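See structure below.
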Amino acid sequence: MRDFEREVSNAAGPLPPIRTEEFSWSLARYYLFRFCRRAYFIRYYLAQGGWDAYSHTLAREAYFSKYLMPFDTWLSRTLRDSIREAFAKMSAGSPGHKRRGFGFYLLRQIGKATADLQLSLKNREYLYDAKRPAILEYHLGIGDFADVDKLTEMAVSILGDAYAMLSRSDIIADLANISFVDLRTDDVFISVDYKGFPIWLVPGLIYFHEGAASAINAEVRLTGGENTSDFFARIGRLNSLFALYCANRYPGFPVSITTFTFSQELSSVVYNLFEPDIESLIDKSSGEMLALIDKDGLAHPEDFPPCENRDACRTCRYQSACRLLESAMQGKQV
Numbered sequence: 305m306r307d308f309e310r311e312v313s314n315a316a317g318p319l320p321p322i323r324t325e326e327f328s329w330s331l332a333r334y335y336l337f338r339f340c341r342r343a344y345f346i347r348y349y350l351a352q353g354g355w356d357a358y359s360h361t362l363a364r365e366a367y368f369s370k371y372l373m374p375f376d377t378w379l380s381r382t383l384r385d386s387i388r389e390a391f392a393k394m395s396a397g398s399p400g401h402k403r404r405g406f407g408f409y410l411l412r413q414i415g416k417a418t419a420d421l422q423l424s425l426k427n428r429e430y431l432y433d434a435k436r437p438a439i440l441e442y443h444l445g446i447g448d449f450a451d452v453d454k455l456t457e458m459a460v461s462i463l464g465d466a467y468a469m470l471s472r473s474d475i476i477a478d479l480a481n482i483s484f485v486d487l488r489t490d491d492v493f494i495s496v497d498y499k500g501f502p503i504w505l506v507p508g509l510i511y512f513h514e515g516a517a518s519a520i521n522a523e524v525r526l527t528g529g530e531n532t533s534d535f536f537a538r539i540g541r542l543n544s545l546f547a548l549y550c551a552n553r554y555p556g557f558p559v560s561i562t563t564f565t566f567s568q569e570l571s572s573v574v575y576n577l578f579e580p581d582i583e584s585l586i587d588k589s590s591g592e593m594l595a596l597i598d599k600d601g602l603a604h605p606e607d608f609p610p611c612e613n614r615d616a617c618r619t620c621r622y623q624s625a626c627r628l629l630e631s632a633m634q635g636k637q638v
């Protein structure tokens with residue numbers, strides 16, 4: 305059967321430049337820009353409007369790709385979101401009572417997220433709804449990740465170990481001494497205005513304690529994944545963005561950030577790790593990003609070449625969209 309939708313979509317000819325929306329900066333945007341300019345173009349420009357079933361094939365594929373989540377990212381987000389949700393549901397009472405309640409709700413949230421992931425993968429729901437949980441390694445069919453049951457077992461094992469370590473840490477005792485009214489925001493994403501554009505970040509749990517603007521975050525690192533120095537450098541940069549946010553939102557208050565880091569080799573609680581020159585990093589990288597947008601606010605795909613390390617393409621979430629984009633740039637139908 306002829307695909308009339310694709311024929312009509314492709315009848316417009318070569319891929320035109322894309323009008324950009326308001327510029328914003330984030331740590332994820334910075335890392336993707338460093339990794340591959342082509343992937344950056346796909347994620348932040350080509351995916352615009354891809355939620356619409358009648359948008360161009362390229363836009364739909366780009367939109368789908370950006371929601372494929374690497375396994376370690378899903379683990380970190382699940383742990384971070386579970387901490388925030390558990391704190392929100394933690395009942396009043398003595399510190400001991402609150403600590404038990406927090407542990408109960410934390411375990412429940414982790415279990416719920418894992419079951420939801422298994423449901424989405426087994427029923428292939430993520431293929432039809434990009435916002436359903438999806439794991440990049442599963443979609444690409446990499447090793448044990450290609451088996452839903454094995455992937456789920458890994459998630460249960462890693463998050464179970466993380467829960468056990470977190471339960472024995474000082475973080476739970478500290479949270480048990482905090483009142484719900486000390487919670488500042490339960491937003492997953494927050495932003496701060498910086499030199500004419502917003503910076504977006506995922507702060508974890510934000511609260512006031514002993515006169516300080518405080519946050520608790522969580523990060524998971526898998527064996528063979530991000531190396532240790534890069535892992536902690538990224539945490540320092542994220543913490544510095546939170547400090548930048550606090551300086552704008554709560555001027556004059558000291559900032560305290562606790563990060564629970566979990567890996568299969570070593571787990572630790574890191575206090576107040578900061579990137580000393582975060583503003584220079586933002587200024588330099590944002591300038592490089594904006595330099596690729598023309599005076600009319602258009603992004604031209606030819607200005608965003610693929611990375612030179614083609615081995616990295618094999619595990620890139622944007623590889624399918626990249627191949628389609630390359631074909632479109634060569635005047636072929638996609």
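Residues 305 to 638 in my numbering are what the sequence shown lists, from first letter to last. Every residue, glycine too, gets a C-beta built ideally from N, C-alpha and C. Predicted, not measured: the structure shown is a model, and the values here were computed from it.
Proximity of GLU365 and SER624 at Cβ, strictly below 7 Å: Contact: yes.
CB-CB under 7 Å to GLY540, same chain, minus the five flanking residues each way: which ones, in chain order? Excluding five sequence positions before and after GLY540, the CB atoms of its chain that fall closer than 7 Å to its own CB belong to LEU577, PHE578 and GLU579, given in chain order.
Please classify ASN543 as buried or exposed, where buried requires at least 16 neighbouring CB atoms within 10 angstroms. Result: buried.
I'd like the list of long-range same chain contacts for GLN422, defined as Cβ closer than 7 Å, with 5 residues on each side in sequence excluded. VAL452 and THR456.
Kindly list the residues whose CB is nearer than 6 Å to the CB of LEU410, restricted to its own chain and excluding five residues on each side of it in sequence; keep chain order. Around LEU410, the same chain offers SER386 and ALA390 as residues with beta carbons nearer than 6 Å, after the five sequence neighbours per side are excluded.
ALA603 to LEU440, Cα distance in whole Å? Spanning the two alpha carbons is a distance of roughly 27 Å.
In its own chain, which residues sit with a C-beta less than 7 Å from the C-beta of ALA434, not counting the 5 before and 5 after it? Excluding positions up to five away in sequence, the list reads TYR367, PHE368 and TYR371.
How many Å lie between CYS611 and CYS340 at the Cα? When rounded, the distance between both Cα atoms is 5 Å.
In its own chain, which residues sit with a C-beta less than 7 Å from the C-beta of SER359, not counting the 5 before and 5 after it? These residues qualify, in order along the chain: GLY353.
Could you have a look at HIS443 and say whether DSSP puts it in helix, strand or coil? Three-state result, HIS443: helix.
HIS513 - DSSP class collapsed to helix/strand/coil: DSSP places HIS513 in strand when its eight states are reduced to three.
Please state the DSSP three-state secondary structure of VAL524. Strand.
Does DSSP put THR619 in a helix, in a strand, or in coil? It is helical.
What would DSSP say about TYR348, mapped onto helix, strand or coil? In the structure shown, TYR348 falls within a helical segment according to DSSP collapsed to helix, strand and coil.
First and last residue of the uninterrupted beta strand (DSSP E) at LEU577: Element bounds for LEU577: n/a, residue is neither H nor E.
Sorted by chain position, which residues of the same chain lie with C-beta nearer than 6 Å to PHE375's C-beta, five sequence neighbours on each side aside? Answer for PHE375: ILE439 and GLU441, listed in chain order.
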